[in-house]
Amino acid sequence: MNRYFNHSTIRTAITAFGTLFSNFYTAEYDEKAEKIERLLRVPVRYLDRSKTLDHMSRDEDNPENVKFFSTFPRMSFAFTGPVYRPDRQLPAKMGLVNKVDASQVGYTSAPYDLNFELVIWARDQLKALEVFEQIIPWF
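End of the sequence shown = 236 in my numbering, gap-free, step of one.
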């Protein structure tokens with residue numbers, strides 16, 4: 098039981114969650130608000146809400162951060178942790194029938210939900226709702 102293993106399952110889940118939100122756009126309209134002049138991609142970064150506020154206030158030396166934090170709207174997300182789900186737990190030892198030796202016992206894994214937080218940062222509510230309306234159909 099003292100073997101080292103690392104399957105990078107949580108890291109893969111974090112990457113997949115961020116990828117879900119990497120292709121959202123907002124529209125800039127002309128002065129009459131009739132024609133779309135251009136579409137702007139909404140950037141997304143892995144940062145929780147408190148760290149985002151800290152970075153916005155003090156990290157002006159890095160040009161990549163200045164570009165990200167001066168762009169609105171934008172999104173940030175964070176992994177808030179696993180939550181154990183006992184209602185989905187199977188019996189700890191599952192008997193498996195094997196035709197060779199007829200008795201093997203396997204252990205079942207514990208069920209966990211991986212929780213994430215997504216924050217949409219925008220200058221006004223209309224831009225935030227424009228991004229939100231693109232996200233909702235996915236869920």
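Each residue gets a CB set at the ideal place from its N, CA and C atoms; glycine is no exception.
- In this structure, the straight-line span from the alpha carbon of residue 131 to that of residue 214 is close to 34 Å.
- Taking 9 Å as the cut-off, the Cβ atoms of residue 125 and residue 170 do not count as close.
- Taking a contact as a CB-CB distance under 8 Å, the pair residue 176 and residue 211 counts as one, their CB atoms being some 7 Å apart.
- Each of 127, 172, 123, 233 was checked against the Cα of residue 115, and the nearest Cα belongs to 172.
- In this structure, the beta-carbon distance from residue 222 to residue 122 does not fall below 9 Å.
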